[in-house]
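Residue numbers (UniProt numbering): 1 to 78.
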């Protein structure tokens, strides 16, 4: 049985090692990602005080593989 997904407020966000894409150009126009307790956290680099979205590794993997395959290109008019 998998553990239930915690609410964003249950994480110690100060302990997360956040990563931002090099494609953001350092202008703060990027999401940031990190992990804690086996979950993937996705937050807004411009608003670091906002709570992040929480995903299971399976959810994050499905999204990332879909993005790599171009399944979401339409969102940016690509």
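Backbone N, C-alpha and C define an ideal beta-carbon position, used for all residues, glycine too.
Open item on the list: Using a Cβ-Cβ cutoff of less than 6 angstroms, which residues in the same chain neighbour residue 43 once the five nearest sequence positions on both sides are dropped?
Closed with: To locate residue 43, count along the chain shown from 1; it is residue 43. Around residue 43: 32 and 52.
Just to confirm before moving on: does the CB-CB distance between residue 72 and residue 66 stay below 8 angstroms? Sequence index remark: in the chain shown, residue 72 carries index 72 (1-based). Sequence index remark: in the chain shown, residue 66 carries index 66 (1-based). Contact: yes.
| query | Straight-line CA distance for residue 15 to residue 24? | reply | What you label residue 15 is simply residue 15 of the chain shown in a count that begins at 1. What you label residue 24 is simply residue 24 of the chain shown in a count that begins at 1. Counting only the Cα atoms, residue 24 lies some 23 angstroms from residue 15.
### Query
Going straight from the alpha carbon of residue 1 to that of residue 56, what length do you get?
By 1-based counting over the chain shown, the position of residue 1 is 1. By 1-based counting over the chain shown, the position of residue 56 is 56. Residue placement at residue 1 is poorly supported in this model, since its pLDDT is 48, which falls under 50; the coordinates are not used for a value here.
Contact check, residue 6 vs residue 54 under 8 angstroms by CB: the rounded distance? Here residue 6 is taken as the residue at index 6 of the chain shown, counted from 1. Here residue 54 is taken as the residue at index 54 of the chain shown, counted from 1. Indeed, because the Cβ distance is near 7 angstroms, the residues count as touching under 8 angstroms.
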